[in-house]
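Structure first, commentary second.
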Amino acid sequence: MNNIITLNHGSGGRITHDLITNLFLKYFDNDKLRGLTDSTIVDFPGGSLAFTTDGYVVDPIFFPGGNIGKLAVCGTINDLAVSGATPKYLSSSFFLEEGLSLDILEEIVKSMAEEAKKAGVSIITGDTKVVPKGKCDKIFINTSGVGFLKDEFRSIGDGLSVKPGDKLIINGTLGDHAIAILASRESLKFETEIISDCATLNSLIQNALDVCPEIAFMRDATRGGLATVACELASKTRTGIILDEKAIPVKESVQAICEIFGFDPLFLANEGKVLMVVPAEKAEIVLKTLQVNPLGIDAAIIGEVTAENTGKVVLKTITGGKRLVDIPAGSQLPRIC
Ligand code: MG
Numbered sequence: 007m008n009n010i011i012t013l014n015h016g017s018g019g020r021i022t023h024d025l026i027t028n029l030f031l032k033y034f035d036n037d038k039l040r041g042l043t044d045s046t047i048v049d050f051p052g053g054s055l056a057f058t059t060d061g062y063v064v065d066p067i068f069f070p071g072g073n074i075g076k077l078a079v080c081g082t083i084n085d086l087a088v089s090g091a092t093p094k095y096l097s098s099s100f101f102l103e104e105g106l107s108l109d110i111l112e113e114i115v116k117s118m119a120e121e122a123k124k125a126g127v128s129i130i131t132g133d134t135k136v137v138p139k140g141k142c143d144k145i146f147i148n149t150s151g152v153g154f155l156k157d158e159f160r161s162i163g164d165g166l167s168v169k170p171g172d173k174l175i176i177n178g179t180l181g182d183h184a185i186a187i188l189a190s191r192e193s194l195k196f197e198t199e200i201i202s203d204c205a206t207l208n209s210l211i212q213n214a215l216d217v218c219p220e221i222a223f224m225r226d227a228t229r230g231g232l233a234t235v236a237c238e239l240a241s242k243t244r245t246g247i248i249l250d251e252k253a254i255p256v257k258e259s260v261q262a263i264c265e266i267f268g269f270d271p272l273f274l275a276n277e278g279k280v281l282m283v284v285p286a287e288k289a290e291i292v293l294k295t296l297q298v299n300p301l302g303i304d305a306a307i308i309g310e311v312t313a314e315n316t317g318k319v320v321l322k323t324i325t326g327g328k329r330l331v332d333i334p335a336g337s338q339l340p341r342i343c
């Protein structure tokens, strides 16, 4: 049983990380891949590109706030944008199950085109494969992307200039995407419908970079949630991170469902949330700038980088206690993206 792939290998948690380092890195090893950043930086005479790729297998393929196609465009654009790059071009590969309705495929492709246009990105190459009925689940999509990267932003992806005293900012509420998927999967009905936060963040991020080119680190808090991003950052930069639970925005409806299902919003997937680490003296202006954008209305300063507890994330709880936050091994919600 230990020698087979399980759903937990796709969770984005510790088991995924182990698979990447023990298998993919073992054979593909090179200095670019080793950084394990959202995008890799590719240099050529006269400039640099950020390059990234992602697969999408979300179930169900339509959910409140989006569908698998919108997700595939937003996710790849966001992986470029959080690396400080200006997203430019995407590829798109479709893996289709025999029997999929052409109307459904058209709806998915249409929303991909709409999202790409909104973000100023063109889909310039692609591929289509069809497998017999039952050999995949309706539709899977892979998107790759490239963006132009200015020299001054090249350390944002790996967070190497993060230092004690820097502030952590999130652009809004946590867990909306995961709970929207859970609700549509389980056909749960709530008084107020929970809508996925699936969105392209490149214009919001550009606004923040305009007022604070010194942003030390950014990452979108997708699979594994904010907690996983914070843990990876602390471990990579050999700093400590303290998170203030009281300051972390979570919708009441999401919190209520988390309590029923025993989920922690810190670990839930988002598709329109970015964690930014900024110098303390720039935190207020970045916060104000985010809050003017509809995608940042609920932005908040949620923590700080510390010199103590290196490599660890500590949560200051609502009740005033402190507890260590650790990356979970797997996930209770597979096929979230
Ligand atoms: Mg990412």
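The sequence shown begins at 7 in this note's numbering and counts up by one.
Ideal Cβ placement from N, Cα and C applies to all residues, glycine included.
Quick caveat, the model's predicted, so the values are computed rather than measured.
(request) May I ask you to report which of helix, strand or coil DSSP gives Glu-220? (result) As a position in the sequence shown, residue 220 is number 214, starting the count at 1. Three-state result, Glu-220: coil.
(request) Grab the span of the alpha helix (DSSP H) containing Phe-5 for me, first residue to last. (result) There is no way to answer for residue 5, as the model of the chain reaches only from 7 to 343.
(message) Would you call the segment 129 to 140 in contact with the segment 226 to 234, where contact means no fewer than 3 C-beta pairs closer than 8 Å?
(response) no
(message) I'd like the list of long-range same chain contacts for Leu-272, defined as Cβ closer than 6 Å, with 5 residues on each side in sequence excluded.
(response) By 1-based counting over the sequence shown, the position of residue 272 is 266. Closer than 6 Å at Cβ, skipping near neighbours: Gly-231, Leu-232 and Ala-233.
(message) Out of Arg-191, Val-280 and Glu-120, which one is the CA nearest neighbour of Ile-175?
(response) Start at 1 with the first residue of the sequence shown, and residue 175 comes out as number 169. Per the Cα distances, Val-280.
(request) Helix, strand or coil for Phe-97, going by three-state DSSP, please let me know. (result) Sequence index remark: in the sequence shown, residue 97 carries index 91 (1-based). In the sequence as presented, Phe is not what sits at residue 97; that position holds Ser. Strand, per DSSP.
(request) With the ligand MG as the reference, list in chain order each residue whose Cβ lies under 7 Å from any of its heavy atoms. (result) Asp-44, Asn-84, Asp-85, Val-88, Arg-225, Asp-226 and Thr-228
(message) If I follow the unbroken alpha helix (DSSP H) through Ile-187, where does it start and stop?
(response) Here residue 187 corresponds to residue number 181 of the sequence shown, with the count starting at 1. From DSSP, the alpha helix (DSSP H) with Ile-187 extends over 182 to 191.
(message) Does the segment 197 to 204 come into contact with the segment 246 to 260, if we say contact requires no fewer than three beta-carbon pairs (one atom in each stretch) closer than 8 Å?
(response) yes
(message) Output needed for Thr-179: all residues of its chain with C-beta closer than 6 Å, excluding positions within five of it in sequence on either side, in chain order.
(response) Numbered from 1 along the sequence shown, position 173 holds the residue referred to as residue 179. Pro-255, Val-256, Lys-257 and Asp-304, listed in sequence order.
(message) DSSP three-state label for Lys-38, please.
(response) Working through the sequence shown from its first residue, we reach residue 38 at position 32. Of the three classes helix, strand and coil, the one that applies to Lys-38 here is coil, per DSSP.
(message) Could you check whether the segment 29 to 47 touches the segment 320 to 334, counting it as contact only if at least three pairs of C-beta atoms, one from each stretch, sit closer than 8 Å?
(response) no
(request) Buried or exposed for Met-7, please, with buried defined as at least 16 other CB atoms from any protein chain shown within 10 angstroms of its CB. (result) Counting from one through the sequence shown, the residue named residue 7 turns up at place 1. Model confidence at Met-7 stands at a pLDDT of 49, short of 50, so the residue's coordinates are unreliable and nothing is read from them.
(request) Tell me whether the beta-carbon of Glu-277 lies closer than 8 Å to the beta-carbon of Cys-204. (result) As a working mapping, residue 277 is identified with position 271 in the sequence shown. As a working mapping, residue 204 is identified with position 198 in the sequence shown. It is a contact, given that the beta carbons lie within the stated cut-off.
(request) Figure out for me which residue from Gly-181, Arg-191, Lys-252 and Leu-207 has the closest Cα to the Cα of Asp-85. (result) Indexing the sequence shown from 1 puts residue 85 at position 79. With distances taken between Cα atoms, Asp-85 lies closest to Leu-207.
(message) Going by beta-carbon coordinates alone, are Leu-274 and Ala-184 separated by less than 8 Å?
(response) On the sequence shown, position 268 is the one that residue 274 refers to. On the sequence shown, position 178 is the one that residue 184 refers to. Closer than 8 Å, so yes.
(request) Starting from Asn-14, follow the alpha helix (DSSP H) in both directions and report where the run begins and ends. (result) Within the sequence shown, numbered from 1, the residue matching residue 14 stands at position 8. Where Asn-14 is concerned, there is no enclosing alpha helix (DSSP H), given that its DSSP letter is neither H nor E.
(message) Which residue wins for smallest C-alpha separation from Glu-286, given the options Asp-109, Asp-24, Lys-169 and Ser-202?
(response) For the purposes of this step, residue 286 is identified with residue 280 of the sequence shown, where counting begins at 1. Glu is not the amino acid found at residue 286; the sequence shown has Ala there. The residue with the shortest Cα to Cα distance from Ala-286 is Lys-169.
(request) Identify the continuous alpha helix (DSSP H) that holds Ala-240 and give its terminal residues. (result) As a first step, residue 240 must be located in the sequence shown, where it is residue number 234. 231 to 243 is the extent of the alpha helix (DSSP H) around Ala-240.
(message) In the DSSP assignment, the alpha helix (DSSP H) including Arg-20 goes from what residue to what residue?
(response) On the sequence shown, residue 20 is found 14 positions in, with the first residue counted as 1. 20 to 25 is the span of the alpha helix (DSSP H), which, as asked, contains Arg-20.
(message) Between which two residues does the alpha helix (DSSP H) holding Lys-351 run?
(response) Any question about residue 351 goes unanswered here, given that the chain covers just 7 to 343.
(message) What residue range does the alpha helix (DSSP H) around Ala-352 cover?
(response) The chain is shown from 7 up to 343; residue 352 falls before or after that span and cannot be answered.
(request) Taking only the alpha-carbon atoms, compute the straight-line gap between Lys-242 and Phe-57 and give it to the nearest angstrom. (result) Walking along the sequence shown from the start, residue 242 turns up at place 236. Walking along the sequence shown from the start, residue 57 turns up at place 51. About 21 Å.
(request) Please look up how many angstroms separate the CB atoms of Asn-148 and Gly-16, rounded, as I've assumed it's under 8 Å. (result) Residue numbering aside, residue 148 sits at position 142 when the sequence shown is read from its first letter. Residue numbering aside, residue 16 sits at position 10 when the sequence shown is read from its first letter. Their Cβ separation, rounded to whole angstroms, is 14 Å, which puts Asn-148 and Gly-16 out of contact at 8 Å.
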